[in-house]
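Data block below; observations after.
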Amino acid sequence: MKLFIGSLQLGLLYGILALGIYISFRILSIPDLTTEGSFAFGLSVSAAVTSAGHPVLALPAAIAAGACAGAVTGILQTRYRIHPILSGIITMSGLYSVNLMVLGGSPNLSLVRTPTVFKILPFLTKNDAMTALPIAAVLVCTTLIILFFHTHLGMCIRAVGDNEEMVRASSINVDGCKILAFCVSNSLIALSGALIAQYQGYADISSSTGILVVGLASVIIGEAIFGKRGITLGFISAIVGSLVYRYIIALATRYSPLDAYMLRLVSAVIVGITLAMPAVKRNFATARQKKEGAAND
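Rendered as structure tokens:
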């Protein structure tokens, strides 16, 4: 039962990360490597502000930090025409030093004896808050992001991802839409990092290593379950994919004969299999069609 509850809590918190990655990966069709930097940025800002005695303020501060990181990447891509992957790497690399500065020069910061949002909620014990708050955060974020992408501005961003040249010919500010999309995407990613820092009771900038692959796996697992059927279902599937991924990791690590330090290897194998699933399904379908065609001949 403890494994189930813990995986649910982490799956929901990382689900907010998956929402942000869905925006850049599926809506803009751009692999945004800023993710690892902005996740650690939100984690670091949240820990620093929380340790100063402001756990609630730490969340909007982390959102603003993530938006700034996304804006830098967006500006590098749009105004200075730097390749999307390189612009993400540049921002991510710069944020490593920024995160160390935010944490006071240390790569980690403990929040064990510091009040967090999970400890100060009225009428709830810490254990109940560690389930209720992730559920509330996911519901609010998913609802707001779905509503946003059904507004005129959100539709413009979606159009940019579908056909940038056509949108540019329609006198829509394509560069502005891209920058805004990166801001929204990375603010969600940073919020996920901020909540994770307060949930686990410490911040470590190495926690963001490989986080982009985790988010991509969540998105793809969700699409494997629900298919690609519109943006609303797309966001919901990203959350479900995050939950499924977290349960797969929990089961694999619990029943694996490997030692605890092999967790990243197990995670990498699971992610690799997940990312390969669409190609494997296509190959099976193609082979079946050829076999049926040969039989008919």
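Numbering (this note's numbering), first residue to last: 1490 to 1786. Virtual Cβ for every residue (Gly too), placed ideally from N, Cα, C.
**Asked** Taking all protein chains shown into account, do 16 or more other C-beta atoms lie within 10 angstroms of the C-beta of Lys1491, making it buried, or fewer, making it exposed?
**Response** exposed
**Prompt:** Looking only at its own chain, which residues have a Cβ that is under 6 Å from the Cβ of Thr1521, when we skip the five neighbours before and after it?
**Reply:** Checking the sequence shown, residue 1521 turns out to be Asp, not Thr. Closer than 6 Å at Cβ, skipping near neighbours: Ser1513, Gly1577.
**Message:** Considering Cα atoms alone, identify which of Leu1610, Val1587, Phe1493 is closest to Ser1595.
**Reply:** Val1587
**Asked** Do you know whose CA, among Arg1515, Gly1563, Leu1506, Thr1539, lies nearest Pro1604's CA?
**Response** Thr1539
**Message:** Just to confirm my understanding: we take Ile1571, look at its own chain, exclude 5 residues before and 5 after, and list those with CB closer than 6 Å. What are they?
**Reply:** Leu1565
**Request:** Within the segment 1687 to 1767, note down every full beta strand (DSSP E) run reaching 3 residues or more, in order along the chain.
**Result:** 1691 to 1693
**Message:** Please identify the residue among Lys1615, Ala1621, Ile1510, Arg1647 whose C-alpha is closest to the C-alpha of Leu1705.
**Reply:** Ile1510
**Option nearest Arg1602 by Cα separation, candidates Ile1516, Thr1763, Gly1699, Pro1544** = Pro1544
**Request:** Alpha carbon to alpha carbon, how far is Asn1675 from Ser1697? Give it in angstroms, no decimals.
**Result:** 13 Å
**Item:** Same chain only: Cβ atoms within 8 Å of Arg1647, ignoring 5 sequence neighbours per side
**Value:** Ile1516, Phe1638, Ile1720
**Asked** Would DSSP call Asn1652 helix, strand or coil?
**Response** coil
**Prompt:** Using the beta-carbon count (16 or more within 10 Å), is Ala1784 buried or exposed?
**Reply:** exposed
**Asked** Taking Cβ positions, are Leu1764 and Ile1709 nearer each other than 9 Å?
**Response** yes
**Prompt:** Alpha carbon to alpha carbon, how far is Pro1623 from Gly1526?
**Reply:** 22 Å
**Prompt:** So, using beta-carbon positions, are Ala1529 and Leu1584 closer together than 9 Å?
**Reply:** yes
**Item:** Closest residue to Gly1542 among Leu1600, Arg1568, Leu1502 (Cα-Cα distance)
**Value:** Leu1600
**Prompt:** Quick one: what does DSSP say Leu1584 is sitting in, helix, strand or coil?
**Reply:** helix
**Prompt:** Hey, Leu1633 and Cys1666: beta-carbon distance below 9 Å or not?
**Reply:** no
**Request:** Could you tell me the boundaries of the beta strand (DSSP E) in which Ser1599 lies?
**Result:** 1597 to 1599
**Request:** Could you tell me the distance, in whole angstroms, from the CA atom of Thr1501 to the CA atom of Glu1653?
**Result:** According to the sequence shown, residue 1501 is Leu rather than Thr. Cα to Cα, Leu1501 sits roughly 33 Å from Glu1653.
**Asked** Does the distance from the C-beta atom of Leu1506 to that of Ser1707 stay below 9 Å?
**Response** yes
**Item:** Residue range of the alpha helix (DSSP H) that includes Thr1562
**Value:** 1544 to 1567
**Message:** For a quick check, are the C-beta atoms of Ala1686 and Leu1532 less than 9 Å apart?
**Reply:** yes
**Asked** Leaving out five residues before and five after Val1649 in sequence, what residues of the same chain have Cβ atoms less than 6 Å from its Cβ?
**Response** Val1656, Val1663, Cys1666
**Prompt:** Candidates Ile1519, Ala1626, Phe1607: which alpha carbon is nearest Ala1618's?
**Reply:** Phe1607
**Prompt:** Contact check, Leu1592 vs Ala1692 under 8 Å by CB: the rounded distance?
**Reply:** 7 Å
**Between the CA atoms of Gly1682 and Leu1598 - distance to the nearest angstrom** = 14 Å
**Prompt:** How about Cys1672 and Ala1556: do their beta carbons lie closer than 9 Å?
**Reply:** yes
**Prompt:** Just reading off the alpha helix (DSSP H) that Ile1505 is part of, what are its end residues?
**Reply:** 1491 to 1511
**Span of the alpha helix (DSSP H), counted from its first residue to its last, around Asn1616** = 1615 to 1637
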